[in-house]
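J.: Heads up: take any position in the sequence shown, counting from 1, add 744, and you land on the working numbering.
The beta-carbon is built from N, C-alpha and C at its ideal position, and this holds for glycine as well.
Remember, it's a predicted structure, so these values are computed and weren't measured experimentally.
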Amino acid sequence: MSPQDNSALRRRKLAELERAIVTAELRLTQHLERLEWRKEAGQGTATAELLVRDAEKDLARLYRRRHEELQTKPSE
745 MSPQDNSALR RRKLAELERA IVTAELRLTQ HLERLEWRKE AGQGTATAEL
795 LVRDAEKDLA RLYRRRHEEL QTKPSE
């Protein structure tokens with residue numbers, strides 16, 4: 745694979761990670777809004793809290809993957 749191919753592949757991979765991060769951030773925001781709504785309405789929050797924690801974990805995992813990808817030097 746040529747250096748140009750590697751570079752293009754890396755850019756695509758980073759772009760996919762960025763899209764996944766934006767999606768995960770939106771999902772987390774929605775879950776946080778739902779959790780707040782349930783608290784204000786005096787309803788149970790266990791499931792909403794679980795969804796928030798899961799979304800936070802997903803987002804942290806994606807941030808780590810992006811960081812690792814950015815730290816990896818492109819192949820020559």
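From A785 to L779, what does the alpha carbon distance come to, in whole angstroms?
T.: Taking the first residue of the sequence shown as position 1, residue 785 is located at position 41. Taking the first residue of the sequence shown as position 1, residue 779 is located at position 35. Approximately 10 Å, taken between the alpha carbons.
J.: Would you mind working out which of R809, E813, V796 sits nearest H775, comparing C-alpha positions?
T.: For the purposes of this step, residue 775 is taken as residue 31 along the sequence shown, with counting starting at 1. Comparing Cα-Cα distances from H775 to each of R809, E813, V796, the minimum goes to V796.
J.: Is the Cβ-Cβ distance between A768 and A790 less than 9 Å?
T.: By one-based count along the sequence shown, residue 768 stands at place 24. By one-based count along the sequence shown, residue 790 stands at place 46. The answer is no: Cβ separation not under 9 Å.
J.: Per DSSP, what kind of secondary structure is A785 in: helix, strand or coil?
T.: Residue 785 sits at position 41 when you count from the first residue of the sequence shown. DSSP places A785 in coil when its eight states are reduced to three.
J.: How should A792 be labelled, buried or exposed, when 16 other C-beta atoms within 10 angstroms of its C-beta is the threshold for buried?
T.: Within the sequence shown, residue 792 is the residue found at index 48, counting from 1. With 16 or more Cβ atoms within 10 Å of its Cβ, A792 is classed as buried.
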